[in-house]
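The structure appears below as structure tokens.
Protein chains: 2
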Amino acid sequence: MSNFKVPYKTYLEESELPKQWYNIAADLKEPVLPPLNGKTKKPAGPEDFTAIFPMALIMQEMTQERYIDIPEEVQEKYKAYRSTPLCRAYALEKALGTPAKIYYKYEGASPSGSHKLNTAIPQVYYNKQEGVKRLATETGAGQWGTALSIATQMFDMECTVYMVKVSAEQKPYRKILIETYGANLIKSPSNQTNTGRAILAVDPDSLGSLGIAISEAVEDAATHDDTKYALGSVLNHVILHQTIIGQEAMKQFEKIGDYPDVVIGCCGGGSNFSGLAFPFMKEKLNGNKDTEFIAVEPSACPTLTKGKFAYDYGDVGKFTPLMMQYTLGHDFMPPGIHAGGLRYHGDNATLSKLVKDGYIKAVAVHQTDTFDAAITFAKAESILPAPESSHAISAAINEALKCKETGEEKTILFCLSGHGHFDLTAYDAYLKGDLHNVDYTDSDLKKGFECIPEI
Amino acid sequence: MSNFKVPYKTYLEESELPKQWYNIAADLKEPVLPPLNGKTKKPAGPEDFTAIFPMALIMQEMTQERYIDIPEEVQEKYKAYRSTPLCRAYALEKALGTPAKIYYKYEGASPSGSHKLNTAIPQVYYNKQEGVKRLATETGAGQWGTALSIATQMFDMECTVYMVKVSAEQKPYRKILIETYGANLIKSPSNQTNTGRAILAVDPDSLGSLGIAISEAVEDAATHDDTKYALGSVLNHVILHQTIIGQEAMKQFEKIGDYPDVVIGCCGGGSNFSGLAFPFMKEKLNGNKDTEFIAVEPSACPTLTKGKFAYDYGDVGKFTPLMMQYTLGHDFMPPGIHAGGLRYHGDNATLSKLVKDGYIKAVAVHQTDTFDAAITFAKAESILPAPESSHAISAAINEALKCKETGEEKTILFCLSGHGHFDLTAYDAYLKGDLHNVDYTDSDLKKGFECIPEI
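Sequence lines, in order, name chains D and W. For the first sequence, my numbering begins at 30 and goes up steadily by one. For the second sequence, my numbering begins at 30 and goes up steadily by one.
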């Protein structure tokens with residue numbers, strides 16, 4: 030390999046695409062504590078989910094099988110846009126003057142502009158198989174709403190998207206895009222649900238949050254026979270589908286003869302981070318590799334770095350089962366930061382456990398630092414990143430600059446989960462100096478913690 | 030090849046990327062009439078261009094050499110985002126029920142979101158080589174302004190972009206994007222130039238046009254020693270650089286064992302159409318293939334279908350030499366259609382001659398038909414196309430539907446020159462039924478023709 034130079038972009042052939050998703054539950058040293066029924070506080074069974082999810086996804090949520098076959102029809106839809114490229118950031122390395130090798134897996138190359146399509150497609154597929162006519166969902170930044178509207182279009186189903194109000198107003202183009210793909214978009218909190226009406230009664234100017242929008246969509250699904258709910262992050266089956274990212278990345282590294290020392294992803298509910306990281310984590314859990322993992326969250330919503338490790342609901346309306354997770358309290362209301370996709374009060378249970386057990390390091394970063402990083406990246410690599418992804422970029426740049434100090438030639442991998450084409454108002458605000466940072470003291474967080482149930 | 034199924038996307042390895050641009054001048058049966066000095070009406074020499082272009086580009090504008098080496102530094106920048114994928118539109122074929130095989134070369138996969146980066150990079154490179162500090166340019170839809178702002182960033186140069194006013198107002202995100210990449214953006218007509226001031230004096234509410242914006246940028250360059258001008262279309266050197274598209278496509282077709290029967294591109298100044306078509310046209314000119322070529326323009330700016338074939342200026346201010354071309358008159362003002370990149374009064378001289386000589390068929394389409402086509406495409410292929418590219422899609426769909434009638438299994442190739450992420454207001458207007466069409470009678474066009482000089 031002495032004359033071999035790693036290409037800027039590495040793709041896989043269609044025949045090399047993964048044919049199974051990877052389920053990390055099979056490789057954990059200790060099982061994750063089970064979800065509990067929200068009312069009885071007893072371990073939840075499949076029946077706790079049937080009002081809102083099709084059985085195939087409920088089974089995926091709970092299975093201990095290591096690999097799950099990807100249905101052929103889903104594989105075919107994946108082929109239309111995957112593999113996504115594994116990119117070597119030569120220009121960024123040069124701009125930073127680092128001896129580190131920086132790679133990013135560019136999920137923004139999907140037609141929905143983010144990694145969310147990877148789970149939207151199978152979720153729609155399984156719902157369709159079970160006769161569901163309409164899907165209801167929430168969206169924060171709009172990436173998930175876009176992905177689900179595209180996927181429902183693919184399978185000729187209807188789609189209702191509850192979009193967090195502050196995001197809909199910050200991102201009018203995202204709203205039109207979702208409507209162009211044929212979905213019915215409703216700003217949340219809305220007067221369409223009991224949850225929305227109750228919140229508007231107390232605070233008519235509520236900015237909304239992912240937690241509220243989830244409650245509205247879940248209520249919509251639970252109260253309509255032909256409708257199910259689809260979630261874009263947090264749950265195990267979502268993360269299962271996203272492991273296509275990390276599995277592809279592993280094969281791509283194999284092709285170029287490298288392997289990451291550090292794997293980095295931004296973290297809201299955990300699907301993008303875990304989708305990239307878990308296939309690599311398998312090697313760490315099995316003692317084959319000593320990779321470092323970094324989950325990056327906003328300091329304005331510091332679930333992993335300042336949250337409680339406790340059983341909590343996934344939504345404000347307490348419709349979901351209780352999950353053992355890092356949480357700021359299910360009624361925690363983050364400020365209207367531009368990384369709308371990271372404004373969630375909790376995290377996936379498995380991811381939370383891996384943080385708790387020290388397999389994953391969590392860091393929180395300031396909004397302005399993420400935009401500094403985004404601009405540095407855009408000027409070097411020419412791609413405009415989504416504000417969420419910029420959290421990962423910020424940490425990757427920090428790692429690369431550490432290498433500059435120490436002289437280490439680490440291989441750094443991060444997930445560029447989406448492009449920022451619909452986030453230009455955020456860039457405008459940044460360029461005008463209008464962005465602010467939020468740091469919480471313990472007493473700031475106390476109120477949120479009070480709603481976490483005693484188990 | 031009996032069991033071989035064409036993949037959804039075909040890429041080239043870095044080592045397979047073209048190392049030369051293709052110059053069609055070497056293969057024309059008759060030479061194109063030379064440009065004339067705008068004042069003396071005598072054939073223009075290099076000295077007619079030196080105030081606004083660096084010598085290397087002037088030489089490329091006039092050369093008869095068949096192949097021009099791509100400088101290594103430019104090849105390296107190309108590698109960061111090329112090849113772009115050759116996509117088989119299986120889902121669109123299915124949606125149309127056509128026996129035709131539809132392919133598109135997706136230039137929207139570039140970080141600037143369109144094919145424009147292919148010429149922005151070499152133009153900036155050659156200017157930098159000759160000591161230029163700043164580039165001035167115009168942009169219509171914003172695709173060229175984005176590309177040039179990215180390319181000037183790559184080579185650490187300054188950039189001033191005169192953006193057609195109606196486009197800047199229809200596309201605020203595009204404006205912020207250009208500014209995010211570090212360019213100075215000025216709405217045209219502006220009070221920064223004599224040309225702009227003269228137009229505003231007559232019509233303070235002028236929507237602007239590419240012709241006016243070109244005049245402003247040319248004047249800026251001609252009146253500042255450290256500044257040159259960069260044009261995103263129309264000229265031979267621009268089209269030369271864009272032949273990277275068609276050359277890649279030929280190699281990609283070779284890989285999958287197919288070859289197009291019909292090659293389709295949208296046409297404003299001609300760079301995207303010609304960049305795809307000319308490498309295939311070489312085979313037709315040399316009698317090796319009998320491919321059909323279709324250039325698609327808006328009925329609201331019908332240069333090739335209703336224009337005069339005559340010597341005319343490239344800009345409203347008459348700064349440029351006279352070119353033999355199809356023109357609606359250099360002061361023709363097209364309405365504010367959403368395909369801003371196609372609002373130009375003329376066409377490249379070589380392309381014009383090939384249309385005149387019957388090698389290329391030109392068709393004009395209505396705005397609403399292009400959006401119908403765009404939505405059909407987006408729902409099938411999941412990618413949201415730029416309004417300009419949607420002209421090509423419209424013609425490709427028509428060809429495919431003809432095949433459905435005749436049963437022919439034609440191979441159709443079109444250029445998807447860019448994505449529509451910054452054109453959502455146009456989609457919004459379409460979805461609301463607010464878009465209108467324009468058709469011209471001969472008498473409507475008479476006024477524009479009056480400004481064309483008698484040669």
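Even for Gly, the Cβ is constructed at its ideal location relative to N, Cα and C.
query: Continuous beta strand (DSSP E) stretch holding D98(D): start and end; result: 96-98
query: Simplified DSSP state of D285(D), which is helix, strand or coil; result: A quick correction: the sequence has Ile, not Asp, at residue 285(D). Residue state, collapsed to three classes: helix.
query: Check whether H253(D) and S446(D) have beta carbons under 7 Å apart; result: no
query: Strand pairing of F322(D), partner residues [DSSP]; result: V292(D)
query: S217(D), enclosing beta strand (DSSP E) - first and last residue; result: 213-217
query: Partners in chain D for P140(W), counting only beta-carbon separations shorter than 8 Å; result: E410, S411, I412, L413
query: Cβ-based contacts, 8 Å cut-off: residues of the stretch 392-407 of chain D near chain W; result: I404, A407
query: Under 7 Å by beta carbon: chain D residues contacting Q182(W); result: K408
query: Residues bridged to A180(D) [DSSP beta-bridge criterion]; result: A180(D) pairs with nothing; no bridge assigned.
query: Chain B within 7 Å of I422(W), Cβ atoms only; result: In the structure shown, chain B does not exist; the protein chains are D and W.
query: Proximal chain W residues relative to H450(D), where beta-carbon distance stays under 9 Å; result: G142, Y202, L206, H448, H450, F451
query: Within-7 Å CB hit, E187(D) to chain W; result: no
query: Contact under 7 Å by Cβ, A129(W) with C444(W); result: no
query: Option in T92(W), P350(W), N466(W) with minimal Cα separation from P363(W); result: N466(W)
query: Own chain partners of L413(W) with C-beta closer than 7 Å, once the 5 adjacent residues on each side are dropped; result: A407, H448, G449, H450
query: Cβ-based neighbour list, M30(W), same chain, cut-off 6 Å, excluding 5 preceding and 5 following; result: Per-residue confidence for M30(W) stands at a pLDDT of 46, beneath the threshold of 50, marking its modelled position as unreliable; no derived number is given.
query: DSSP beta-bridge partners of M91(D); result: Its beta-bridge partners do not exist; DSSP assigns none.
query: Sub-7 Å separation of A324(D) and A391(D) beta-carbons; result: yes
query: Cross-strand partners of D360(D) (DSSP beta bridge); result: DSSP output for D360(D) lists no bridge partner at all.
query: Y355(D), DSSP secondary structure in three states; result: strand
query: Backbone CA spacing between L453(D) and L206(W) [nearest angstrom]; result: 7 Å
query: Stretch-stretch touch, CB-based, cutoff 8 Å, three pairs: the stretch 259-272 of chain W with the stretch 282-300 of chain W; result: yes
query: Where the stretch 32-62 of chain D meets chain W: residues whose CB sits under 7 Å from a CB there; result: P36, Y37, Y40, E43
query: Distance, M192(D) Cα to L442(W) Cα; result: 38 Å
query: Neighbour flag for T272(W) against chain D, beta carbons, 7 Å; result: no
query: Secondary structure of T39(D), DSSP reduced to three states; result: strand
query: Three-state secondary structure assigned by DSSP to D341(W); result: strand
query: Closer than 7 Å to chain W by CB, D287(D); result: no
query: Simplified DSSP assignment, three categories, for G74(D); result: coil
query: Separation of F348(W) from I273(W), as counted between CA atoms; result: 29 Å
query: Closer than 7 Å to chain D by CB, A227(W); result: no
query: M30(D) - DSSP class collapsed to helix/strand/coil; result: Reliability of the predicted coordinates at M30(D) is poor, the pLDDT of 46 falling under 50, and the value obtained from them is presented with this limitation in mind. M30(D): coil per DSSP, three-state reduction.
query: A149(W) beta carbon less than 7 Å from that of A109(W); result: no
query: Contact test: C116(W) Cβ vs the ligand ZN heavy atom, cutoff 6 Å; result: Absent from the structure shown: the ligand ZN. Ligands present: none.
query: Coil, strand or helix - A165(D) by DSSP; result: strand
query: Interface flag, A109(D) vs chain W, CB-CB below 7 Å; result: yes
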